[in-house]
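What follows is one structure encoded as structure tokens, with my remarks underneath.
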Ligand SMILES: Cc1ncc(C[n+]2csc(CCOP(=O)(O)OP(=O)(O)O)c2C)c(N)n1
Ligand code: SF4
Ligand SMILES: [Mg+2]
């Protein structure tokens, strides 16, 4: 078969807890530094050691970053999943295995080329100690792969030197392990294979980063000073990231004291309470969590909505309901976040599609929360949050200043004739705010019980309704302040493809494919709720819109039907919710099956 | 209850404190609680304590959960921000507010339902964190606002107004607080202002979580015979162990007491508390002995009151986390944002 240069995918099957992450990272980074667009997806179990884990790497000269379901090569290093892994190699592809032990003849396919490397045996002979042997076996497979697909050995060497600059012994053992795999392949097989790498120049303005790290960095740049959290996969690394950045950037240069407070709460009820308390007192505060955490926060979210206290909540979505599959991805909280809590509520939600937007939207979330004095949800997912994505470098405008909203200073309060917390003085539904401890005239009683526009307790129906209606107007007003949808129109398109968040990668690729195959389609990615007019116009301008999302019940579609005047009949649902990231193929097959029915 | 400027004319008979404010300036809205409710007496003691300490009301944040007790922050310090949050969750709101603005003088008011059932977790963890907060648990043994169900502080054998007997063990908040490492633990009685006001003052000056359980009879649902939280019962069974006198400055310590019976502890800011001990062998700085002393007396049906335990070396949550002394909410943005050059530099890490 012909060569497939810089356009293929492979998969590494191991057991978790064996230290394969550093080898997989090494492979990703080497390809990236060769200037070739690359993405990695870590499919891992909810377990600490011993269960199957896969790392999928896609090399795409065209820069596609979605997951692909077709694997040209599989490195099958976990005997427990051999059968499944062998079955996943495409016809004509390659299977790399550890030939220290013979392969079960039942696993032999005649349309696949088998590449046996005695990894365990070589590492057993070259390294001492069980732990080192296991760890170096991973590096050795990276070496073998380097020879097979043509990774640049100089770059690998450079990366090892950087990584272990302070531990020379580790440089030596890593180099030795790489060489074991590399030299064995060179000596025994024809390589590189037809699926191979050739240097490009497509990554110099990009970085490889995960969304949790990027969102954490966004919180630092936004000037957040209080973070409260309760650990939950897949959001945990966000607070770890925030802590890391704060240690670097938020120490008073003289006293070395912290310009931030991170509080590990006893549960998510408490975490959101701390965020509300801190925001009430004027700090930029946030909490990262996932679906189960949002469920617990519901009562407090209603308080923040009704008492009009800012709060920034990151929901790194995972598979529900209940504990579901905690290490798998989904967009299952779209409805939950939009209407969280009892009574009439509606919340500002923003939906980043990748780590770059996670960084930018983190900043936007604080501005929105303070401007509109209400909870704001940033919905990412496990795939965005925990996987390394290739994204254009993050940039920062030094002219940025936080939008603290209508917070009155001591001077303003002093000069004011009167101050009423819930009075719509500007006609935009957004009242003025005061912070505790600033000025006696700013004092008011924050409460979740009925209150009138002057801030007084009330059980009067009209007074209650007046405030509730104003809050609705206020939040609806945010539709023009949330990030606008990204719309791409194509001449002759009759149908629209619509999606949200992390499905973007798959949808963008599917749209390109459809257009290339002669089916023009328009594309829209929704980025914020409440929906702005552009969203409605786009939907109304097509007879059929395919709403692509990752949940069983078509939650984005539900929200669009509830919150726009678009007839339901114009909204077809395309869903994929197995817990793995979506690929273009899911979009294409969903769209084409519905098109066939509609034709 | 937003601010309405009121004429600053005071009754000449009202005595001003050092900052020129009278007790009236520390009041709030008119109470809506039942006449005779213990909670109202505690409100009066709180007003007195703030007035005596010459605290500017606007520097205070008043926080509460939900319940009759939790309504009371509306009835004192009208010039202070209040936050009547959700049931049992005032500790987390306070923790966040304290993190954002360490200069706030925080008082939290809660009930036995709010603190010991729905909010037991948050209370426990706020104690562990040593949040800088005066926490007043207004303990009446029942859920007042939902009309008289037993709370977790109801003693076994006590009866409800309807005649039911509580069979479950009580959660004793003082013993709990001692177990969890609270750095200031007190118990008092709403009917004993003499004792309560100085404890509140000491609690406000304590650096960290100052916990005070105040027995506060619910006249409507739990003041009958058979209740161990009734006025009559408490008057009869209360034994004052340690009377606390708050002394603003070290140099003002008087020698009026019999030295053997007085223990002086110095607080963070140099002020001090004189502890007059009724029981000579009691040491309010010895956690373990305080615990067993209180337990022994409890077994005899006696309710020990006073400032029962204090750790004068206490450092609060923010100190423990090494946070800058300036309030976080007000730090200049320039000191928080690393800027574009640093962002460019940082990203070498992700290549
Ligand atoms: C989540 C929730 N559950 C139940 C209630 C109903 N509720 C209001 S006050 C209260 C009990 C209050 O008892 P306590 O804290 O002892 O206060 P008291 O009225 O006795 O002063 C309950 C159960 C509520 N407000 N919120
Ligand atoms: S019901 Fe009980 S606790 Fe509530 S106000 Fe009346 S007396 Fe006080
Ligand atoms: Mg009660």
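Chains as they are written, first to last, in the numbering used here: chain H, 1 to 599; chain G, 600 to 950.
Positions of the beta carbon are idealized from the N, C-alpha and C atoms, including for glycine.
All values reported here derive from a predicted model rather than from experimental measurement.
Take the alpha-carbon of residue 361(H) and the one of residue 235(H): they are about 16 Å apart. Contacts between residue 767(G) and chain H, judged by CB atoms closer than 8 Å, are missing: the closest CB pair is about 24 Å apart.
At a cut-off of 8 Å between C-beta atoms, residue 293(H) does not count as an interface residue with respect to chain G.
Interface with chain H (8 Å Cβ-Cβ cutoff): residue 680(G) is included. Rounded to whole angstroms, the separation of the alpha carbons of residue 671(G) and residue 870(G) is 28 Å. Residues of chain H whose Cβ lies closer than 9 Å to the Cβ of residue 673(G) are, in chain order, 445, 447 and 457.
Placement of the Cβ of residue 639(G) at a distance of 7 Å or more from every heavy atom of ligand 3 is found. Along the region 270-283 of chain H, going in chain order, the ones with a CB nearer than 9 Å to a CB of chain G are 270, 271, 272, 273, 274, 275, 276, 277, 278, 279, 280, 281, 282 and 283.
A Cβ-Cβ distance of about 5 Å is found for the pair residue 265(H) and residue 228(H), placing them in contact under the 8 Å criterion. Within chain G, the residues whose beta carbon sits less than 9 Å from that of residue 208(H) are 949 and 950, listed in sequence order. Counted as a single uninterrupted DSSP element, the alpha helix (DSSP H) harbouring residue 649(G) occupies residues 637-651. According to DSSP, residue pairing for residue 524(H) in a beta bridge involves 487(H) and 498(H).
Following the DSSP letters along the chain, one finds residue 897(G) inside the alpha helix (DSSP H) bounded by residues 886-898.
The Cβ-Cβ distance between residue 224(H) and residue 366(H) falls below 8 Å. Between residue 881(G) and residue 807(G), the alpha-carbon positions lie close to 23 Å from each other. Burial check for residue 528(H): the Cβ neighbour count within 10 Å reaches 16 or more, so the residue is buried. Linking residue 404(H) to residue 681(G) through their CA atoms gives a straight-line distance of about 21 Å. Not one heavy atom of ligand 1 sits closer than 7 Å to the Cβ of residue 342(H). Between the beta-carbon of residue 455(H) and that of residue 421(H) there is about 4 Å, and that keeps the pair under the 8 Å contact cut. Leaving aside the five residues that flank residue 408(H) on each side, the residues in its chain whose CB is nearer than 6 Å to its CB run, in chain order, 432 and 434.
When beta bridges are read from the DSSP output, residue 903(G) appears opposite 838(G). Look at the region 396-414 of chain H: the residues with a C-beta under 9 Å from a C-beta of chain G are 396, 397, 398, 400, 401, 402 and 413. For residue 684(G), at least one C-beta of chain H is nearer than 8 Å to its own C-beta. Per DSSP, the continuous beta strand (DSSP E) segment holding residue 43(H) begins and ends at 38-43. Within the region 614-628 of chain G, no residue has a Cβ lying closer than 8 Å to any Cβ of chain H.
The DSSP-derived three-state label of residue 295(H) is helix. In the three-state reduction of the DSSP assignment, residue 20(H) falls in the helix class.
Residue-level contact check: residue 658(G) touches chain H, since one or more beta carbons of chain H fall below 8 Å from its beta carbon.
Residue nearest to residue 18(H) within the set 348(H), 53(H) and 324(H) is 53(H) (criterion: CA-CA distance). Pairing residue 620(G) with residue 706(G), the inter-Cα distance amounts to about 20 Å. Ranked by Cα distance from residue 504(H), the options 539(H), 541(H), 356(H) and 45(H) are led by 356(H).
Among the bridge pairs identified by DSSP, residue 733(G) is matched with 706(G) and 809(G).
For residue 874(G), the secondary structure class from DSSP, reduced to helix, strand or coil, is strand. Proximity of residue 937(G) to chain H, defined by a Cβ-Cβ separation below 8 Å, is satisfied. Within the region 906-935 of chain G, the residues whose Cβ lies closer than 9 Å to any Cβ of chain H are, in chain order, 916, 917, 920, 921, 922, 923, 924, 925, 926, 927, 928, 929, 930, 932, 934 and 935.
Within the region 184-236 of chain H, the runs of beta strand (DSSP E) that reach at least 3 residues and sit entirely inside it are, in chain order, 206-209 and 226-229.
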